[in-house]
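Colleague: Pasting a structure below so you can have a look.
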Amino acid sequence: MVGCRSILTVLVTLAAVVKSQQCYGVDGSLLDKSYTPCNPSAKVSGCCASGDICLSNGLCMGTQGASIGVIFSRGCTDSTGKDVACPQQCSGGSSNSNSASTVTAWQLQTCDSGEYCCRAANSTKSCCNNPTAPRVTSPLSATLQMPEAPASTPATNSPDQEPASSSPMPTLPTISNCQHEKTHTAIVGAILGGLLGGIILCLVIAVRWMYKRERRQRRLKEHYETQMSKTNAYRKALEETVSSARPSLSLEQVASKS
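Okay, here's the thing in structure tokens:
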């Protein structure tokens, strides 16, 4: 009887653990198994999609395809999303600002004003100029949240082994810093593009000038050769005319004069 009670207690505990690890979207809908909690051992944890990088503030960073480097708010193990462990950056919005459809996940977009707005994760329309879109005004500084390793029996370090050092994960750059770097990169790219365009323009002008000069010289040469040909033909015709105009003396005329 005691054994049955122990087994029943274990099963109830496992059921509670499994239930607490279920992920819900920002609208409270139950997500599929491709979404997992970032901190499974915690009572409440933010959730991310398979392949995402979990951030300490409950948000997720995409790592695949067009989502590389994009920040998302996928959901939480708390179906209400009101727990402090859940991502709160896009709280206050439950529907897509560009339509009436319900949003299950948010995507954070950086605006030129330095603020961040939230749009549906699958949306491609900008939310910066939409007054109904949720806004984020606080910096989004966060650190990587790596999954916990399974518990194991601690092993005794041998004299030749050094104790493992625990160092904090590097802090991710804030989105505002990324925006500054993007602006700086754009300025450098514009300068390099201007220089390259100027060089190409100079080359085009030089090639065009050389082509015009070569064509002008070719025309002058053809004109000179044409004039010389006409002059030679005129001279030859003149010589033939003079030769034909001279009187020819017969042998009798020459003998009589002598």
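Using the working numbering, the first residue of the sequence shown is number 896, and each one after it goes up by one. Backbone N, C-alpha and C define an ideal beta-carbon position, used for all residues, glycine too.
Using only alpha-carbon positions, find the residue among 981, 1013, 919 that is nearest to residue 1025.
Modeller: Translated into positions along the sequence shown, residue 1025 becomes position 130. Comparing Cα-Cα distances from residue 1025 to each of 981, 1013, 919, the minimum goes to 1013.
Colleague: Is the CB-CB distance between residue 962 and residue 923 below 7 Å?
Modeller: Against the sequence shown, residue 962 aligns to sequence position 67. Against the sequence shown, residue 923 aligns to sequence position 28. Contact flag unset, no.
Colleague: To the nearest whole angstrom, what separates the beta carbons of residue 953 and residue 921, a pair I think is in contact under 8 Å?
Modeller: Within the sequence shown, numbered from 1, the residue matching residue 953 stands at position 58. Within the sequence shown, numbered from 1, the residue matching residue 921 stands at position 26. Contact doesn't hold; Cβ gap of about 11 Å is too wide.
Colleague: Starting from residue 968 and walking both ways along the beta strand (DSSP E), at which residues does that stretch end?
Modeller: Your numbering for residue 968 matches position 73 in the sequence shown. For residue 968, the enclosing beta strand (DSSP E) begins and ends at 966–968.
Colleague: According to DSSP, is residue 925 helix, strand or coil?
Modeller: The count along the sequence shown starts at 1 and reaches residue 925 at position 30. Looking at residue 925 - three-state DSSP - the assignment turns out to be strand.
Colleague: My understanding is that residue 976 touches residue 965, with C-beta atoms under 8 Å, so please give their C-beta distance in whole angstroms.
Modeller: Counting from 1 along the sequence shown, the entry for residue 976 is found at position 81. Counting from 1 along the sequence shown, the entry for residue 965 is found at position 70. 20 Å between Cβ atoms; not a contact.
Colleague: Output needed for residue 929: all residues of its chain with C-beta closer than 8 Å, excluding positions within five of it in sequence on either side, in chain order.
Modeller: Here residue 929 corresponds to residue number 34 of the sequence shown, with the count starting at 1. A distance below 8 Å between beta-carbons, with the five flanking residues on each side excluded, links residue 929 to the following residues of its chain, in chain order: 944, 945.
Colleague: Quick check on DSSP: helix, strand or coil for residue 963?
Modeller: One-based indexing of the sequence shown puts residue 963 at position 68. Coil.
Colleague: Which residues in the same chain have their Cβ closer than 8 Å to the Cβ of residue 999, if we skip the five residues on either side of it in sequence?
Modeller: Taking the first residue of the sequence shown as position 1, residue 999 is located at position 104. So the list reads 920, 921, 922, 924, 926, 970, 1016, once near-sequence residues are dropped.
Colleague: For the beta strand (DSSP E) that residue 1012 lies in, which residues bound it at each end?
Modeller: In the sequence shown, counting from the first residue as 1, residue 1012 sits at position 117. Looking at the DSSP string, the run of the beta strand (DSSP E) that includes residue 1012 is 1011–1015.
Colleague: Does the Cβ of residue 1138 have 16 or more other Cβ atoms within 10 Å, making it buried, or fewer, making it exposed?
Modeller: Taking the sequence shown and counting its residues from 1, one reaches residue 1138 at position 243. Result: exposed.
Colleague: In its own chain, which residues sit with a C-beta less than 7 Å from the C-beta of residue 1010, not counting the 5 before and 5 after it?
Modeller: Mapped onto the sequence shown, residue 1010 falls at position 115. Closer than 7 Å at the Cβ level, and outside the excluded window around residue 1010, lie 1030, 1031, 1032.
Colleague: If the criterion is Cβ atoms closer than 7 Å, does the pair residue 1001 and residue 951 meet it?
Modeller: Counted from its first residue, the sequence shown places residue 1001 at position 106. Counted from its first residue, the sequence shown places residue 951 at position 56. Cβ atoms of residue 1001 and residue 951: not closer than 7 Å.
Colleague: I need the DSSP call for residue 1097, collapsed to helix, strand or coil.
Modeller: Taking the sequence shown and counting its residues from 1, one reaches residue 1097 at position 202. In this structure, residue 1097 counts as helix in the three-state DSSP scheme.
Colleague: Using C-beta distances below 7 Å, list every residue in its chain close to residue 959, excluding the 5 sequence neighbours before and after it, in chain order.
Modeller: For this step, residue 959 is matched to residue 64 along the sequence shown. Cβ neighbours of residue 959 beyond the five flanking positions: 946.
Colleague: Cα separation between residue 1106 and residue 1112?
Modeller: Sequence index remark: in the sequence shown, residue 1106 carries index 211 (1-based). Sequence index remark: in the sequence shown, residue 1112 carries index 217 (1-based). Answer to the nearest angstrom: the Cα atoms are 10 Å apart.
Colleague: For the beta strand (DSSP E) containing residue 942, list its first residue and its last residue.
Modeller: Walking along the sequence shown from the start, residue 942 turns up at place 47. Start and end: 942–944.
Colleague: Grab the span of the beta strand (DSSP E) containing residue 999 for me, first residue to last.
Modeller: To locate residue 999, count along the sequence shown from 1; it is residue 104. Looking at the DSSP string, residue 999 is not in any beta strand (DSSP E), and its letter there is neither H nor E.
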